[in-house]
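Heads up, the thing below is written out as structure tokens.
Numbering (my numbering), first residue to last: 15 to 162.
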């Protein structure tokens, strides 16, 4: 099962304030721990929303909205993509994320990632199933443990 651990943004991350060296070191140690356990698929920090865009849809049309966006508490600052055996294991890993001093409230979300392997093979037409499997094989070659 794949899970995404999502780190919430703060006023500091939205202002582009870089974390302390101590926090960077702690995050690097955490990422190394995930990698050594063979569960880490990806881990990235995100630039402030001022560097991003949102796409809004209305009446069949799309509109680009440039950042920054309001409400830093509803934005994300980074993520980890992990592959584990259960939701409980994903939560256990999330509980180990280094937390900067003074950060109270909800700081992480843990979301299960919907994977094509979650869809029964019989629900897809054979040509779509073949295309999906080929894509997963190409993507799986890039995964740290060779799985998708």
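Ideal placement from N, C-alpha and C gives every residue a C-beta, glycine not left out. This one's a predicted model, so the numbers in the text were calculated from it and none came from an experiment.
Item to check | Neighbour-count burial assignment, residue 21, 16 or more Cβ in a 10 Å radius | outcome: buried
Checklist entry - Relative to the C-alpha of residue 99, which residue among 67, 107, 113 is closest? => result 107
Item to check | Any 3 or more C-beta pairs closer than 8 Å across the stretch 80-97 and the stretch 60-67 | outcome: yes
Next on the checklist: The beta strand (DSSP E) that contains residue 95, what's its start and end?
Outcome noted: 90-97
Checklist entry - From this set, 149, 94, 129, 139, which residue's C-alpha is nearest residue 53's C-alpha? => result 94
Checklist entry - residue 15 by DSSP, collapsed to three states: which one? => result coil
Checklist entry - Rounded to a whole number of angstroms, what is the C-alpha to C-alpha distance between residue 92 and residue 23? => result 8 Å
Checklist entry - Alpha carbon to alpha carbon, how far is residue 129 from residue 122? => result 21 Å
Item to check | Contact under 9 Å by Cβ, residue 131 with residue 150 | outcome: yes
Next on the checklist: So, with DSSP's three-state summary, where would you put residue 21?
Outcome noted: strand
Next on the checklist: For residue 163, which residues in the same chain have their Cβ closer than 8 Å to its Cβ, ignoring the five residues on either side in sequence?
Outcome noted: Only positions 15 to 162 of the chain appear in this structure, which leaves residue 163 out of reach.
Checklist entry - Out of curiosity, what's the CA-to-CA distance linking residue 103 and residue 73? => result 42 Å
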